[in-house]
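Asker: Questions regarding the structure given below will be posed in turn.
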């Protein structure tokens, strides 16, 4: 553990800033603190790289999720649902 | 022009996949799309023709999903508050100036870029999302699986933005650890 951990930013707060930075802007001072921390802390750098990777992967999965059509509704359920809609329409 | 006669045929599978990816439960996803079609039928008069039929139905489903998360979050918040608070700082050791706790220290992951196209990896990832504490999973799913804006999530779920960031962060700590255990170091 370095002096930076003790006086500038600990791992708990550094990883919080990593998570927050992935979603929104963090302040200039926070950015400097975080950069310095990641320069000396290999473990938090792992956390940062790995959660960045997950962040990107999840965004990609989200945009692709519907194109795949992994699941299909049973034909009997489709027929029942259509019947229900038809009955409702006639009301 | 809306044509309910064709809805099931054209959109049921699409909407089922849309819902399942976001709520991670097949039965629930089927219920939600059923609700969606019925609501859509009853509110046909609100359709103004600017969006196409599919987009319009998807928007109705999205609202149903948010309603579901809102009610499940209320239900779980009392239940899990104590658990969440206890595990809050497990990842970091107060006695070591909040350095990573011994058993939680992240290790290096190899070949992350290769995993992107790997379906098995994706299924482990989704399993990890499913195993998250319910409260975190709700917030996380809205953000990542539904791509909802932060301020909308906070408003819909009645939480402060600082609370939101803490929960998103905990979700990431949780998810990263789960993947490390079940995939990278499995």
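Residue numbers (the numbering used here), protein chains in the order written: chain A, 890 to 980; chain B, 5 to 190. Beta carbons are placed, not taken as given, at the ideal position from N, Cα and C, and that holds for glycine. This structure is a prediction, so every number in the text was calculated from the model and none was measured.
What three-state label does DSSP hand residue 60 of chain B in the structure shown?
Answerer: Helix at residue 60 of chain B.
Asker: Tell me residue 104 of chain B's beta-bridge partners as DSSP assigns them.
Answerer: B:96
Asker: Find the nearest neighbour of residue 161 of chain B within the set B:136, B:142, B:182, judged by alpha-carbon distance.
Answerer: Ranking B:136, B:142, B:182 by Cα distance to residue 161 of chain B puts B:142 first.
Asker: With DSSP as the reference, label residue 182 of chain B as helix, strand or coil.
Answerer: helix
Asker: Quick one: what's got a C-beta closer than 7 angstroms to residue 892 of chain A's C-beta in the same chain, skipping five residues either side?
Answerer: none
Asker: Can you give me the C-alpha to C-alpha distance between residue 111 of chain B and residue 936 of chain A, rounded to a whole angstrom?
Answerer: 9 angstroms
Asker: Is residue 187 of chain B close to chain A? Criterion is C-beta to C-beta, closer than 8 angstroms.
Answerer: no
Asker: Rounding to the nearest angstrom, what Cα-Cα distance links residue 15 of chain B and residue 189 of chain B in this structure?
Answerer: 40 angstroms
Asker: Between the C-alpha atoms of residue 908 of chain A and residue 172 of chain B, what's the straight-line distance to the nearest angstrom?
Answerer: One alpha carbon belongs to residue 908 of chain A, the other to residue 172 of chain B, and they sit about 7 angstroms apart.
Asker: Per DSSP, what kind of secondary structure is residue 137 of chain B in: helix, strand or coil?
Answerer: DSSP places residue 137 of chain B in the coil class of the three-state scheme, outside both helix and strand.
Asker: So residue 909 of chain A is in the alpha helix (DSSP H); what residue range does that whole segment cover?
Answerer: It spans 900-912 - the alpha helix (DSSP H) in which residue 909 of chain A sits, taken as one unbroken run.
Asker: Determine the direct distance from the alpha carbon of residue 912 of chain A to that of residue 76 of chain B, and round the result to whole angstroms.
Answerer: 24 angstroms
Asker: For residue 26 of chain B and residue 155 of chain B, which I take to be in contact (beta-carbon distance under 8 angstroms), what is that distance rounded to the nearest angstrom?
Answerer: Rounded, the Cβ-Cβ distance is 19 angstroms, inconsistent with contact.
Asker: Applying a beta-carbon distance threshold of less than 7 angstroms, which residues of chain B neighbour residue 912 of chain A?
Answerer: 154, 172
Asker: Does residue 964 of chain A have its Cβ less than 8 angstroms from a Cβ in chain B?
Answerer: no
Asker: Can you tell which of B:147, B:159, B:132, B:123 has its C-alpha closest to the C-alpha of residue 182 of chain B?
Answerer: B:132
Asker: According to DSSP, simplified to helix, strand and coil, what is residue 915 of chain A?
Answerer: coil
Asker: Looking at residue 35 of chain B: is its Cβ nearer than 8 angstroms to the Cβ of residue 962 of chain A?
Answerer: Cβ atoms of residue 35 of chain B and residue 962 of chain A: not closer than 8 angstroms.
Asker: Identify the contact partners of residue 978 of chain A in chain B, using a Cβ-Cβ distance below 7 angstroms as the criterion.
Answerer: 8, 45
Asker: Let me know the secondary structure DSSP gives residue 111 of chain B once reduced to three states.
Answerer: Coil at residue 111 of chain B, not helix or strand.
Asker: Which residues in the same chain have their Cβ closer than 8 angstroms to the Cβ of residue 43 of chain B, if we skip the five residues on either side of it in sequence?
Answerer: Cβ neighbours of residue 43 of chain B beyond the five flanking positions: 64, 68.
Asker: Is it right to say residue 30 of chain B is buried, meaning 16 or more other beta carbons lie within 10 angstroms of its own, or is it exposed?
Answerer: exposed
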